[in-house]
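Data first, discussion second: the structure below is written as C-alpha cells.
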Amino acid sequence: MMTMKKIISIITSLVMTMLLISAFSLIGSAEDITENGITFSISNGTATVYDVEENIADLVIPEYVGENRVEKILLPEKEHNFTTITIPASIKTVCLYKCSNLTDFYVDEANENYCSVDGVLYSKDMKTLIFYPPARTKTTFTVPDCVEKIGEHIEFEYTGFSYAVNLKEIILPEGLIKIDDCAFAYCTFETIELPKSLIDLGGSAFACNLNLREITIPENVEYFIEPFYGCDNLETLILLREININLYQSLGELKDWNYLHLLHEHPTEVTVYVTDNRLALYSEVAEFWQNTASTILPLSEIPKDIIAGDVNYDQTLSISDIIMLQKGLANYDCVKMWKAGDMDGNEDVNIFDLIIMKREIINSLS
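Residue numbers (my numbering): 813 to 1178.
Rendered as C-alpha cells:
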C-alpha cells in the first residue's frame, strides 16, 4: 500500500509535468513573422498585425501571411508614420493608437465588419464612426445621420475623433446615442453641440481639449465619467438634466450621482448653469464640496438671448412650454427657466403670462 506521502509526491509530479507541457504548447503555438515591413503574431492559423516599420507610408494589410488568415490589426502605443491604411476583407478587429499622420482608410468592400466612406472608418452598418483620420486638413466635418455611436474602445483609448486637431467644427446628428471613451480627446474645437438623443458619454470623452470653452450636456444624458478631464480652459457648462437625487444617498446608488460629482472633479473655475428647479440641490452640493471651483447659476441668468415663453429651454416656443408653465404655477417643481415665462416683462410670472403664451402659440399656428 502506498503511503500518503508517496501519493502526494506522484500527484505533484503529474501537475508539474502538465504545467510544463502546457507552457511548451503555448510557446509553440505563437510565433512572429515579418513580411514587407509588417510584423505579425501567428497563433492557431490566424495572424495579428502588431508592428509596422517606420519607412512605410501607405500601409497595405494582406489578407493572408503564408497560410495564416490576417484577422486583427492591433498597433501598440507608439507613433506610426503611415498616411493611409488599406484593410482587407479578412479583418475582424481594428485597434490603432494615435496614428497622427493618418489621412485615409481604405476597406475592401467584401469586409463584413468595416467600411470606409471618404476615407473615414465606420462599422459595416455605418452605425458606428470608428476612426476619423487625425491628419486630415479639413476644418469642418458632418457626421452622417445614420451614426448612433462615435468611437469604439477596444484595447487603446483613442478612437473616434481623437487627435483630429485641425477640426474646428464637428456637426453631430440627432439620433446619436453614445460617445465612447476619449472619442474627442485632444481635439481643438471651442464648442460642440451635443444632440438631444445622446444618452452615454464615455470616460474622458473630451479629455485634454485646451480650446473647449463652453458645452451643454442635454437632458437625456445618463452616464459619464470625467468627460472634461484636462479641459483646463472650460468656462461654461450647461446641465439640462433634471436630476432626482438626495445629496446623502450612497455614491453610485443612482445614475444621476455623476452630475453632482461633476462639480467636485473639475479643478478649474467653471460657471455651471442648471435648471431653475434644481438650483438649490446643486448649490447644496457646491457647499458640501467646499473645494469645488464651480459657480452655480440658474438658466435664467445665462447671458444669451432667451426665447420668450421657452420655459423648458428647448430653444422653441411650443405647447410643451404651456404645459410646463401651468404645472409651475400650480406649485409643481418643474420649470427649467422661469425668466422665459415673463411674457409681459414685468419681472413676475403669473397667469397673465400663461394667457399671453397661449395667444402667441395660437397666432403662430394661424
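Ideal Cβ positions, reconstructed from N, Cα and C, are used throughout, including at glycine.
According to DSSP, is residue i part of a helix, a strand, or is it coil?
i	result
Leu886	strand
Arg881	strand
Glu1113	helix
Gly1015	coil
Leu1074	helix
Asp844	strand
Leu1046	coil
Val977	coil
Gly931	coil
Glu875	coil
Lys1151	helix
Tyr1035	strand
Tyr1094	helix
Glu1026	strand
Between which two residues does the beta strand (DSSP E) holding residue i run?
i	result
Asp916	Asp916 to Val919
Ser1176	Note, Ser1176: premise wrong, no beta strand (DSSP E); alpha helix (DSSP H) at Ile1163 to Leu1177.
Asp870	Asp870 to Val872
Ala859	Thr858 to Val864
Ser855	Ile850 to Ser855
Leu1006	No beta strand (DSSP E) contains Leu1006, which DSSP labels as neither H nor E.
Are there 16 or more other CB atoms within 10 angstroms of the CB of residue i, so buried, or fewer, so exposed?
i	result
Ile1135	exposed
Glu889	exposed
Val929	exposed
Lys818	Its pLDDT being 47, under 50, Lys818 is placed unreliably by the model, and nothing is read from it.
Asn1158	exposed
Pro1115	exposed
Ser974	buried
Ile1131	exposed
Ala922	exposed
Ala869	exposed
Thr952	exposed
Cys958	exposed
Leu1022	exposed
At what residues does the alpha helix (DSSP H) containing residue i begin and finish?
i	result
Ile1135	Ile1131 to Leu1141
Between residue i and residue j, what straight-line distance do the alpha-carbon atoms span, to the nearest angstrom?
i	j	result
Thr896	Val864	13 Å
Val1123	Leu1166	11 Å
Arg881	Ser935	20 Å
Thr846	Cys911	20 Å
Ile1163	Leu1141	7 Å
Ser837	Thr858	Its pLDDT being 39, under 50, Ser837 is placed unreliably in this model, and the coordinates cannot settle the point.
Val877	His965	27 Å
Glu1172	Ile1119	12 Å
Glu1038	Arg1090	21 Å
Val1086	Thr971	31 Å
Phe996	Leu988	15 Å
Glu1005	Val1033	13 Å
Ala1092	Ser855	59 Å
Glu1026	Tyr944	23 Å
Thr915	Lys980	17 Å
Asn1045	Glu960	29 Å
Leu1177	Leu1129	12 Å
Lys1139	Cys1146	7 Å
Spatial neighbours of residue i within its chain, please: C-beta separation below 6 Å, excluding the five flanking residues on both sides.
i	result
Asn893	Glu866 and Asn913
Lys884	Thr860 and Thr905
Ile1050	Thr1028 and Tyr1085
Ile962	Leu941, Gly972, Ile991 and Ala995
Gly1042	Ala1019 and Cys1020
Gly1015	Asp993 and Ile1037
Phe1001	Lys980
Beta-carbon within less than 7 Å of residue i's beta-carbon, same chain only, minus the 5 sequence neighbours each way: which residues are those?
i	result
Thr949	Asn978
Val872	Thr898
Asp1133	Gly1121, Asp1122, Val1123, Asn1124 and Met1169
Leu1013	Ile991, Val1033, Tyr1035, Phe1036 and Pro1039
Ile833	Here Ile833 scores only 41 on pLDDT, less than 50, and its place in the model should not be relied on; the value that follows carries that caveat. So the list is empty, once near-sequence residues are dropped.
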